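Remarks on the structure that follows.
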DNA sequence: CCTACCGATCGGTAGG
DNA sequence: CCTACCGATCGGTAGG
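Residue numbers (this note's numbering), protein chains in the order written: chain A, 16 to 209; chain B, 16 to 209.
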């Protein structure tokens with residue numbers, strides 16, 4: 016039970032830290048802020064984490080882990096046509112950005128604040144995620160749904176999607192699904208094949 | 016002459032600060048670092064700028080000013096067809112991102128560190144720039160070159176372009192022009208009309 | 001543009 | 001998980 020509680024406190028801190036890192040930025044978020052929201056003293060934080068860096072790494076790792084799981088699930092459930100798989104992947108990406116918004120904003124903005132150790136650990140998760148994208152994009156290119164160089168297309172599409180965290184309003188009129196539809200419409204040239 | 020030198024020192028500081036803000040981030044860049052690269056003592060910085068915030072604002076303002084000027088020039092020189100204007104705008108955007116890379120990376124990453132005063136000052140420059148994009152995108156939509164909702168398309172395109180600062184390698188095989196061509200190819204549906 | 005310095009605050013630790 | 005505290009460093013200022 017002690018372990019369960021410790022783990023749940025850890026998750027709570029990750030959630031709190033993610034929110035603070037978004038609002039204040041990593042550098043301006045002090046261990047005292049995080050401790051206060053946890054209801055403990057600042058020194059006690061270091062019972063859960065070695066240092067501030069480790070908290071940053073945990074926040075980003077949590078977000079990437081969820082993103083990877085959701086994308087795999089979406090691809091498993093999608094029908095086998097390249098169009099359906101592209102749709103599913105775009106939708107999964109946007110849904111992840113929204114449900115784990117704070118973690119992903121931190122990943123996008125504070126990646127450079129990671130030390131080498133944390134970065135090399137997270138880079139494997141990122142590579143696994145991008146490998147899924149590579150597969151889906153390449154299939155869509157082969158099927159003639161999209162035009163362009165595989166690597167460039169992947170980068171452009173991920174850029175367009177990741178940029179949404181800057182302007183998308185979850186309270187607004189657009190659902191993640193309709194937004195996904197809009198992006199796919201913009202880049203596909205032969206919708207009947209999907 | 017004193018004024019000229021003061022202004023040139025100011026520009027030098029803006030360039031130095033931009034580079035440091037990219038490498039270290041705004042919060043981790045100390046006034047002492049900037050002063051050292053200027054060859055002066057830290058206290059002397061405040062002869063040129065009221066505070067650190069003002070330096071951040073100046074860096075971003077410089078980049079936006081150049082972006083706006085280059086975009087206007089490109090549109091003036093482009094032929095009147097929607098395809099040519101879209102091409103020119105994408106190319107100008109990428110060229111600006113490269114020539115003023117540091118300033119734009121700072122604008123993209125450190126925008127949230129601006130105080131309200133600076134932000135409202137810069138927001139007008141950004142709006143003017145986005146108005147050019149709105150025009151060009153709407154023309155391309157009307158001409159049937161692109162498909163989708165005007166606002167969404169604009170956001171997707173700008174996202175894809177701005178994201179390039181994360182991966183584009185100026186020493187690599189791709190020129191800004193060929194990259195521009197790739198993006199336009201990906202999103203246009205009726206190239207013969209351009 | 002410099003010297004000398006300030007009050008505040010930071011991440012992290014020792015010992016319980 | 002707390003108390004008490006550390007050395008370092010920060011942005012900025014006063015007076016020249």
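We treat Cβ as the ideally placed atom computed from N, Cα and C, and that holds for glycine. These figures come from a predicted structure and were not determined experimentally.
Exercise. How about residue 18 of chain B: is its C-beta nearer than 9 Å to some C-beta of chain A?
Worked result: Counting from one through the second chain, the residue named residue 18 of chain B turns up at place 3. With a pLDDT of 47 at residue 18 of chain B, under the threshold of 50, the modelled position of this residue cannot be trusted; read the value that follows with caution. Closer than 9 Å: no.
For this session: Please report how far the alpha carbon of residue 131 of chain B lies from the alpha carbon of residue 137 of chain B, in whole angstroms.
Result: Counting from one through the second chain, the residue named residue 131 of chain B turns up at place 116. Counting from one through the second chain, the residue named residue 137 of chain B turns up at place 122. C-alpha separation (whole angstroms): 10 Å.
Exercise. Alpha helix (DSSP H) containing residue 144 of chain A: first to last residue?
Worked result: Looking up residue 144 of chain A in the first chain gives position 129. Element bounds for residue 144 of chain A: 131-157.
Exercise. For residue 47 of chain A versus residue 59 of chain A, is the C-beta distance shorter than 9 Å?
Worked result: As a first step, residue 47 of chain A must be located in the first chain, where it is residue number 32. As a first step, residue 59 of chain A must be located in the first chain, where it is residue number 44. Their beta carbons are not under 9 Å apart, which means residue 47 of chain A does not touch residue 59 of chain A by this criterion.
For this session: Have a look at residue 153 of chain B and residue 165 of chain B and give me their C-alpha separation to the nearest angstrom.
Result: Position 138 of the second chain, counted from the start, is the residue given in the question as residue 153 of chain B. Position 150 of the second chain, counted from the start, is the residue given in the question as residue 165 of chain B. For residue 153 of chain B and residue 165 of chain B, the distance between alpha carbons rounds to 6 Å.
Exercise. Any chance the stretch 172-179 of chain B sits against the stretch 101-113 of chain B, with 3 or more Cβ pairs inside 8 Å?
Worked result: yes
Problem set entry | Against chain A: residues of the stretch 114-136 of chain B by CB proximity under 8 Å | 124, 127, 128
Exercise. Quick one: which chain B residues come within Cβ less than 7 Å of residue 175 of chain A?
Worked result: Working through the first chain from its first residue, we reach residue 175 of chain A at position 160. Simply 171, 174, 175.
Exercise. Can you tell me whether DSSP reads residue 189 of chain A as helix, strand or coil?
Worked result: In the first chain, the residue the question calls residue 189 of chain A occupies position 174. Residue 189 of chain A falls in the coil class under three-state DSSP.
Exercise. Relative to the ligand ATP, is the shortest distance from any of its heavy atoms to the C-beta of residue 135 of chain A smaller than 8 Å?
Worked result: The ligand content of the structure shown is nil, which means the ligand ATP is not present either.
Problem set entry | Closer than 9 Å to chain A by CB, residue 71 of chain B | Start at 1 with the first residue of the second chain, and residue 71 of chain B comes out as number 56. No, no contact with chain A.
Exercise. In chain order, what residues of the same chain have a beta carbon less than 7 Å from the beta carbon of residue 135 of chain A, not counting five sequence neighbours either side?
Worked result: Here residue 135 of chain A is taken as the residue at index 120 of the first chain, counted from 1. Closer than 7 Å at Cβ, skipping near neighbours: no residue.
Problem set entry | C-alpha distance - residue 36 of chain A paired with residue 120 of chain A, whole-angstrom precision | Numbered from 1 along the first chain, position 21 holds the residue referred to as residue 36 of chain A. Numbered from 1 along the first chain, position 105 holds the residue referred to as residue 120 of chain A. Spanning the two alpha carbons is a distance of roughly 9 Å.
Problem set entry | Beta-carbon neighbours of residue 200 of chain A, restricted to chain B and to distances below 7 Å | Translated into the one-based positions of the first chain, residue 200 of chain A becomes position 185. Near residue 200 of chain A (Cβ distances below 7 Å), the residues of chain B are 162, 163.
Problem set entry | Beta-carbon proximity list for residue 72 of chain B, same chain, < 8 Å, skipping 5 on both sides | Here residue 72 of chain B corresponds to residue number 57 of the second chain, with the count starting at 1. 129, 133, 136, 137, listed in sequence order.
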